[in-house]
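One gets my numbering by counting positions in the sequence shown from 1 and adding 1 to each.
In this text, a Cβ means the ideal position worked out from N, Cα and C, and glycines have one as well.
All figures in this text were calculated on a predicted structure; none of them were measured in a lab.
Some notes on the structure that comes next.
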Amino acid sequence: MTISPRTPVIIGVGQITDRPSPTASYAERPEPLDLMASALERAIADSGATGNLGDKLDEIVAIGSFTWKTADPALLVAERLGLTQVRTRLTPTGGNIPQKLVHDTSKRIAAGEVDLVAVVGSEAMHAASLARREGHKPTWVTQGPEVPALTPIEEERIPLTAEEYGNGLTQPVEVYPLFENARRARLGWSLTHQRQMLGQLWANFAQVASKNPYAWILDPPSADTIATPSPSNRMVSFPYTKLLVANLPVDMGAAYIIASYETAISLGVPRDRMVFPQAGADATDHWFVSDRPNLDDSPAMSAIWNQLKAFGVHSDELAHLDLYSCFPTVVQCASDVLGIDAFSTERIPTLTGGLTFGGGPGNNYVTHSIAAMVDRLRANPDDTGLVTGLGWFSTKHAWGTYAATPPTAGFQHANVQDVVDAQPLCPRRQGDGEVRVESYTVVHGRDGQASHAVVVARHTDNARVWSKATEPAVLETFEIAETIGLTGHIRDGQFSF
Numbered sequence: 002m003t004i005s006p007r008t009p010v011i012i013g014v015g016q017i018t019d020r021p022s023p024t025a026s027y028a029e030r031p032e033p034l035d036l037m038a039s040a041l042e043r044a045i046a047d048s049g050a051t052g053n054l055g056d057k058l059d060e061i062v063a064i065g066s067f068t069w070k071t072a073d074p075a076l077l078v079a080e081r082l083g084l085t086q087v088r089t090r091l092t093p094t095g096g097n098i099p100q101k102l103v104h105d106t107s108k109r110i111a112a113g114e115v116d117l118v119a120v121v122g123s124e125a126m127h128a129a130s131l132a133r134r135e136g137h138k139p140t141w142v143t144q145g146p147e148v149p150a151l152t153p154i155e156e157e158r159i160p161l162t163a164e165e166y167g168n169g170l171t172q173p174v175e176v177y178p179l180f181e182n183a184r185r186a187r188l189g190w191s192l193t194h195q196r197q198m199l200g201q202l203w204a205n206f207a208q209v210a211s212k213n214p215y216a217w218i219l220d221p222p223s224a225d226t227i228a229t230p231s232p233s234n235r236m237v238s239f240p241y242t243k244l245l246v247a248n249l250p251v252d253m254g255a256a257y258i259i260a261s262y263e264t265a266i267s268l269g270v271p272r273d274r275m276v277f278p279q280a281g282a283d284a285t286d287h288w289f290v291s292d293r294p295n296l297d298d299s300p301a302m303s304a305i306w307n308q309l310k311a312f313g314v315h316s317d318e319l320a321h322l323d324l325y326s327c328f329p330t331v332v333q334c335a336s337d338v339l340g341i342d343a344f345s346t347e348r349i350p351t352l353t354g355g356l357t358f359g360g361g362p363g364n365n366y367v368t369h370s371i372a373a374m375v376d377r378l379r380a381n382p383d384d385t386g387l388v389t390g391l392g393w394f395s396t397k398h399a400w401g402t403y404a405a406t407p408p409t410a411g412f413q414h415a416n417v418q419d420v421v422d423a424q425p426l427c428p429r430r431q432g433d434g435e436v437r438v439e440s441y442t443v444v445h446g447r448d449g450q451a452s453h454a455v456v457v458a459r460h461t462d463n464a465r466v467w468s469k470a471t472e473p474a475v476l477e478t479f480e481i482a483e484t485i486g487l488t489g490h491i492r493d494g495q496f497s498f
């Protein structure tokens, strides 16, 4: 077939994982800039281009880092690689961003706005934790006031309501267990069965990570080890142990390079290095968790999948999957939408091993997903794959498909936000009174001891209400018996049975 010269194509990917050494000090660990520069160098080399690819880049887009704050990180990468004539951009918070950038850049390439773009990111949270243990802050390179700070390509938004913040929701590890426990109750699982299923799901992912040369954890623990609290695997937020949550303290970097087909040809990129974005869709669920009628559901995922099916995508034709996997609940939710078995050992929906075992380098995880997908499709050029990205509290979503052959109808994309926005909002009202438990989590400290519970409930008029619980007997009850659906009381913001 004749390939349109403006067809977007990924031509190079690069990954680097600098695993920990028991005796290494902070001074021996890489900086975020080292990881980013190395990942981009690897992506350039991976393309097989005979031309000087780096000098032809229109843009370098840096994925916003959790640990490294500087005015223009992409500029530092460009300077490290000796690239002087390139625009730089910066992204906001969101694990969906690397996949969304594939969509946005593909559209810009098709429109003739750009020809060659690199996306690169890294995290060095393990190195940062070593610095803290040694009693100092990281001494990574940063830029002075002479370098203007880039405005992120999307506006940052406050992720939680005042009521959510005020009742103990501050970070993902306190929010996603609410979804997981709501799912357990809806499915009618016992607490014991839930623990077994979560352990099995994540053990499957650990097996994939053991075969991924870029994974952070290569020694796969058993399902029982993953799901059972122990001195080395403390309970974090019920029902999630440490081995059931995203593993953020990693030193990892990844990059991909996307070009127009005519640019790829002009650079001498071999045809067998090319992987083509096929179709993609984006949407954001109701921004605040409080507004979502069902905690374990994602209308955005459903709207995106319906759009991809309208583009001609079928789940049984997707030979390779990397579903975003910060916590088990989102893998189960996406699998439900796709109509596949999340727990199957025959079709494990990850290429990396997920954010626990593959590694969870902040906003940049999906760059690793995309790199893994490109490698897999190069080795299996007749196949198609799906990558999903997710940001904040299962809030922002981006799903995209890939193949080693160009799309017959050109790259197809849609934003299906209008479908999600048409969904109802959950009524909510803070206040004391008799309530019915909707979901909860029990938060544990680093010593493994339960500190408090976050309880989301419904008033008798069905309005959602947030509260805390601190009584030891209540915390124990939440972890040994099914309490969702039971009646309790809120007095002065404190929940009790």
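Assigned exposure category for residue i - 16 Cβ within 10 Å defines buried
i	result
Asp73	buried
Asp47	buried
Arg447	exposed
Met126	buried
Thr461	exposed
Thr389	buried
Thr152	exposed
Lys101	buried
Ala163	exposed
Ala210	buried
Pro214	exposed
Gln195	buried
Ser191	exposed
Pro1	Outside the displayed range of the chain (2 to 498) lies residue 1, so it cannot be described from this structure.
Pro362	buried
Asp273	exposed
Val148	exposed
Asn168	buried
Inter-residue spacing [alpha-carbon to alpha-carbon] between residue i and residue j
i	j	result
Arg430	Ala464	6 Å
Phe180	Asp384	33 Å
Ala50	Gly113	21 Å
Thr396	Asp292	11 Å
Gly340	Ser316	8 Å
Ala482	Phe394	26 Å
Gly386	Pro99	16 Å
Glu165	Gly145	36 Å
Val421	Trp288	11 Å
Glu60	Ala260	11 Å
Ala568	Gly494	The structure shown does not extend to residue 568, since the chain spans only 2 to 498, so no value can be given for it.
Thr357	Thr3	42 Å
Gly83	Arg235	46 Å
Gly189	Asp419	33 Å
Glu477	Thr471	10 Å
Val436	Leu487	8 Å
His453	Pro473	8 Å
Asn248	Met275	31 Å
Leu36	Lys212	22 Å
Asp323	Ser336	11 Å
Paired residues, beta bridge with residue i - DSSP
i	result
Leu322	Leu387
Gln467	It should be noted that the sequence gives Trp, not Gln, for residue 467. Per DSSP, Val457.
Phe496	Ile491
Val14	Tyr257
Ala63	Leu91 and Val121
Ala451	His445
Gly401	Gly281 and Val388
Pro9	Ser261
Asn248	According to DSSP, Asn248 bridges with nothing at all.
Met236	Thr242
Ala415	Ala282
Arg379	For Arg379, which the question treats as bridged, DSSP gives no partner whatsoever.
Ser440	Val457
Arg429	Arg465
Residues near residue i in its chain [Cβ-Cβ closer than 7 Å; skip 5 each side]
i	result
Val176	Leu170, Val290 and Phe394
Pro178	Ser238, Phe239, Pro240, Tyr241 and Thr442
Leu131	Ser26, Tyr27 and Arg30
Nonlocal neighbours in the same chain, by C-beta distance under 8 Å from residue i, ignoring five residues either side
i	result
Gly411	Ser5, Thr8 and Ala111
Glu1	The question about residue 1 has no answer here: the residues shown for the chain are numbered 2 through 498.
Arg459	Val436, Arg437, Glu439, Arg465 and Val466
Residues near residue i in its chain [Cβ-Cβ closer than 6 Å; skip 5 each side]
i	result
Gly122	Ile64, Asn365 and Thr368
Leu76	Thr89
Trp306	Val338
Gly281	His104, Gly401 and His414
Residue i CB to nearest heavy atom of the ligand SAM below 6 Å
i	result
Arg272	Ligands displayed in this structure: none; no statement on the ligand SAM is therefore possible.
Restricting to runs no shorter than 3 residues, where is the beta strand (DSSP E) found entirely within the stretch 144–219?
As far as the stretch 144–219 is concerned, it has no whole beta strand (DSSP E) run of at least 3 residues.
Worksheet entry | 4-residue-minimum alpha helix (DSSP H) runs that sit fully inside the stretch 25–55, ordered along the chain | Within the stretch 25–55, the complete alpha helix (DSSP H) runs of at least 4 residues are 33–47.
Beta strand (DSSP E) runs contained entirely in the stretch 88–134, provided each spans 3 or more residues | Runs found: 88–91 and 117–125.
List in chain order: all unbroken beta strand (DSSP E) runs of 3+ residues lying wholly within the stretch 281–339. Taken in chain order, the complete beta strand (DSSP E) segments of 3 or more residues contained in the stretch 281–339 are 321–323.
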